[in-house]
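At position 228 of the sequence shown the residue is numbered 228 (our numbering), and the sequence of numbers has no breaks. Structure, as structure tokens:
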Amino acid sequence: MSVKGTTLNFLFLIGYVLAIDDPCAAGHYREFPSQNIGARQEGCLSSVFEECDFYFNDTLWYTSFFGKLLTHCPRDRSCGSPLPVWIDGPYPNENDGLVNRTVCIKKESLCCSTILTMEIKNCSTFAVFRLPNVPSCPSAYCFESNLPCETTSTSTTTTTSTPVTHRTTEPHIPSSEYRPTTKPKEYINERPDLLIGMLIGGFVVLVSIATCVILYAKFWRKPQRISTDQYPVVITNSALPYKQP
1 MSVKGTTLNF
11 LFLIGYVLAI
21 DDPCAAGHYR
31 EFPSQNIGAR
41 QEGCLSSVFE
51 ECDFYFNDTL
61 WYTSFFGKLL
71 THCPRDRSCG
81 SPLPVWIDGP
91 YPNENDGLVN
101 RTVCIKKESL
111 CCSTILTMEI
121 KNCSTFAVFR
131 LPNVPSCPSA
141 YCFESNLPCE
151 TTSTSTTTTT
161 STPVTHRTTE
171 PHIPSSEYRP
181 TTKPKEYINE
191 RPDLLIGMLI
201 GGFVVLVSIA
211 TCVILYAKFW
221 RKPQRISTDQ
231 YPVVITNSAL
241 PYKQP
């Protein structure tokens, strides 16, 4: 293989590794659990069963087509939880790439009683995010959603014209979207992209080493020639032609 061909293959592998690590790529993110998304809006309170993201899988990337994560301090006991979680900062622009945002947990009158950090990326038509686990239950992420709360009774506050809905149905926690309190040893099986990235990364390292060896052998290493002056030819009597007496 020529040096040019090796270089092109090396650059292609680097691009492939970068693409496989892009959370915006298809198959690299999941839909945020669509069950009870309406219960996570600011106008919904929980009176019986409360949302909790303590068991949320913080190793995966998610997106939500039902609403955006709330970017302002919510009202007390809203979003289906007495400890609602929101993002302290705007959504990033597409050119910003992968950025970190501060996540706040509101407790009573404190908008940021607990501070966490999340990763988020603007994928042009949608955004993907990797949410940290909340320290304890009941605490849940808030969404700007127009979906109704799952409810059996409604009430309206006297201080605002926005109806506040109380959800009385038990939240559904799909096992595929949540994780136990301790991460399983089979975590690598949940991230096939990570395994593929590790294999390709190892292959890229081997190709780089092979390329360096080829370049060294071709351009830097000079062949050593044996000088005949250092090794004089000694002619012995046995090498002379035999003459009969």
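Don't be surprised by glycine CBs; every beta carbon is placed ideally from N, CA and C.
Item, Value
"For residue 118, which of 91, 108, 25, 26 has the nearest alpha-carbon?", "91"
"Per DSSP, what kind of secondary structure is residue 113 in: helix, strand or coil?", "strand"
"At the level of alpha carbons, what is the spacing between residue 108 and residue 59?", "29 Å"
"Can you tell me which of the three DSSP states residue 65 falls into?", "coil"
"Below 7 Å between beta carbons: does that hold for residue 83 and residue 139?", "yes"
"Can you give the beta carbon distance from residue 35 to residue 79, rounded, assuming they're within the 8 Å contact cut?", "That belief does not hold up - the Cβ atoms of residue 35 and residue 79 are roughly 15 Å apart, past 8 Å."
"If you compare alpha carbons, which of 89, 68, 72 is closest to residue 128?", "68"
"Anyone know if the C-beta pair for residue 115 and residue 101 falls short of 7 Å?", "no"
"Quick check on DSSP: helix, strand or coil for residue 83?", "coil"
"Is residue 35 close to the ligand NAP? I mean its beta-carbon at under 6 Å from any heavy atom of the ligand.", "This structure lacks the ligand NAP; in fact it carries no ligand of any kind."
"So what's residue 144 in DSSP terms, helix, strand or just coil?", "strand"
"Residue 36 by DSSP, collapsed to three states: which one?", "coil"
"Smallest Cα separation from residue 95: which of 120, 61, 71?", "120"
"Please go through the same chain and pick out, in chain order, the residues whose beta-carbon is closer than 8 Å to the beta-carbon of residue 37, but skip the five residues on each side of it.", "64, 66, 67, 143, 145, 147"
"Apart from the five residues just before and just after residue 23, which ones in its own chain have a Cβ nearer than 7 Å to its Cβ?", "29, 61, 121, 128"
"Which residue from 126, 44, 75 puts its Cα closest to that of residue 25?", "126"
"Can you tell me which of the three DSSP states residue 122 falls into?", "strand"
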